[in-house]
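These notes concern the structure reproduced below.
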Amino acid sequence: MLMKLPRFILRLLFAFLRWMDFYFNMPRAFTDVDPLRCSVYVANLGSIGIEAPFHHLFEWGNCSVFIAIGKIGYKPVALEDGTLFARRMVEVKVTLDERIADGFYFARSLELMESYLKNPESIENM
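The sequence shown runs contiguously to residue 126 in the UniProt record's numbering.
If you want it as structure tokens, here you go:
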């Protein structure tokens with residue numbers, strides 16, 4: 001129904017919505033269903049067989065972190081003795097908006113997340 005409106009009315013409507021989005025006055029009817037109103041957006045592109053890209057951030061909404069998960073594949077891994085073997089791995093790429101916090105804070109947060117993923121038992125002792 002909305003797309004049947006004349007183009008100039010649609011442009012006015014979306015210009016108004018962009019203005020409301022910029023000044024944080026969007027009605028809840030819009031923000032409750034908007035997927036870009038989130039802290040982190042996670043896209044599992046591996047589920048459709050695609051490698052993880054560095055995804056762009058959107059001007060719309062308030063999503064400041066975009067995580068893309070790629071397909072599972074075999075990668076060569078070197079052991080301490082120098083031998084190589086193939087291990088199943090998945091590539092995860094993160095795009096961060098440094099207008100929200102500086103890169104140092106994000107880097108430390110990602111290091112902490114990595115340590116929790118490698119040692120999940122450390123979370124139980126908190």
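For every residue, glycine included, the Cβ atom is placed at its ideal position computed from N, Cα and C.
Look at S64 and L110 and say whether their C-beta atoms are less than 9 Å apart.
Not closer than 9 Å, so no.
Return the CA-CA distance between F22 and R87, expressed in angstroms with no decimal places.
46 Å
Contacts around D78, its chain only, beta-carbon distance under 7 Å, and the 5 residues preceding and following it disregarded
According to the sequence shown, residue 78 is Ala rather than Asp. So the qualifying residues of the chain are L84.
On the DSSP bridge assignment, give the partners of M89 in chain order.
G73
In the structure shown, what three-state DSSP assignment does residue 193 receive?
No answer is possible for residue 193: it lies beyond the span of the chain, which begins at 1 and ends at 126.
Compute the distance between the beta-carbons of L45 and E51, then report whether it is under 9 Å.
yes
For A15 and N25, I'd like the C-alpha separation in whole angstroms.
Whole-angstrom Cα-Cα distance: 14 Å.
Taking the alpha helix (DSSP H) that Y23 falls in, what are its first and last residues?
That residue, Y23, is in no alpha helix (DSSP H); it is neither H nor E in DSSP.
Take the Cβ of A107 as the centre, count every other Cβ of all protein chains shown within 10 Å, and call the residue buried at 16 or more, exposed below.
exposed
CB-CB length for I67 against V94, believed under 8 Å
5 Å
Rounded to whole angstroms, what is the Cα-Cα separation between K4 and L12?
14 Å
Based on Cα-Cα distance, which residue from G103, F104, D102 and P53 lies nearest to residue 128?
In the structure as shown, the chain starts at 1 and stops at 126, and residue 128 therefore has no counterpart that could be examined.
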